[in-house]
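First residue of the sequence shown: 1, per the UniProt record's numbering; consecutive thereafter.
Every residue, glycine too, gets a C-beta built ideally from N, C-alpha and C.
Because the structure is a prediction, the values reported are computed rather than measured.
Working notes for the structure below.
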Amino acid sequence: MEQRSAIKFCVRNGISAAETLRMCQKAYGDGALSQARVFAWHRMFKEGRESVQDEPRAGRPSTSTDVIHVQKIRDLVLENRRLTVRDLTDLVGISEGSVKTILSDHLGLRKVKARLVPKSLNFLEKQRRVDVWEVLPHAAYSPDLAPSDYHLFASMGHALAEQRFGSYEDVKKWLDEWFKGKGEDFYWRGIHKLSERWEKCISSDGAYFE
Numbered sequence: 001m002e003q004r005s006a007i008k009f010c011v012r013n014g015i016s017a018a019e020t021l022r023m024c025q026k027a028y029g030d031g032a033l034s035q036a037r038v039f040a041w042h043r044m045f046k047e048g049r050e051s052v053q054d055e056p057r058a059g060r061p062s063t064s065t066d067v068i069h070v071q072k073i074r075d076l077v078l079e080n081r082r083l084t085v086r087d088l089t090d091l092v093g094i095s096e097g098s099v100k101t102i103l104s105d106h107l108g109l110r111k112v113k114a115r116l117v118p119k120s121l122n123f124l125e126k127q128r129r130v131d132v133w134e135v136l137p138h139a140a141y142s143p144d145l146a147p148s149d150y151h152l153f154a155s156m157g158h159a160l161a162e163q164r165f166g167s168y169e170d171v172k173k174w175l176d177e178w179f180k181g182k183g184e185d186f187y188w189r190g191i192h193k194l195s196e197r198w199e200k201c202i203s204s205d206g207a208y209f210e
């Protein structure tokens, strides 16, 4: 609790998270909280948290994995995927078992060395897809967001469905003619569909779509 109070003091005095960490390490040595925990507490105090105490646990075992705790852990993991189960237990105020259940069953995460990674396409990847499209002019490759996939190759695939080729030269000739037969409006439509698909990606929270 002493270190949490110290972190709260630093926040109230406008001291950055990095400097707060340095001060804690200097004051408490090997007993200092980890970087992840210092940064997380710094953020919570900065956002208005007042209490340095853990949230009440007794008498509420059945609600430890409710939507509120799931959301809190989700937000913490999105901010820092190197938080440990012990870190999350300390920050959220629920048992380690409940934290593990939320990470595995609710958020679809598993621990690999020092980093939480997804079992499949889950909220971390979905959030990344949304963040990339909201912040950058072009995202990392995703088939449903790449004009070459959803427009160009899709159209080409339909045209190739009934084709049979006897040689490489036949393939090359067919492709040359196919590309020459596509006017500017064809490429224009593919590019201008992109903004609609950005919006669909964001509205679907980053999930894949057709």
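With 16 other Cβ atoms within 10 Å as the buried cut-off, status of residue 168 = exposed
Compute the minimum distance between the beta carbon of residue 160 and the heavy atoms of the ligand SAM, and state whether it is under 8 Å.
-> The ligand SAM is not part of the structure shown, which contains no ligands of any sort.
Quick check: the region 28-44 against the region 67-74, are there 3 or more CB pairs under 8 Å?
-> no
What whole-angstrom Cβ distance do residue 37 and residue 91 have, given they're in contact under 8 Å?
-> 7 Å
Would you report the Cα separation of residue 77 and residue 194, rounded to the nearest angstrom?
-> 30 Å
Between the Cα of residue 52 and the Cα atoms of 165, 80 and 8, which residue gives the shortest distance?
-> 8
Can you give, in chain order, each stretch of the alpha helix (DSSP H) that sits fully within the region 161-198 and has at least 4 residues?
-> 168-180
Can you name, in chain order, every residue of its own chain whose Cβ lies under 6 Å from the Cβ of residue 80, other than the five neighbours on each side?
-> 36
Reference residue 155, options 171, 173 and 182, closest by Cα = 182
Relative to the C-alpha of residue 82, which residue among 178, 16 and 40 is closest?
-> 40
Nearest to residue 107 by CA position, among 65, 89, 147 and 87, is which residue?
-> 65
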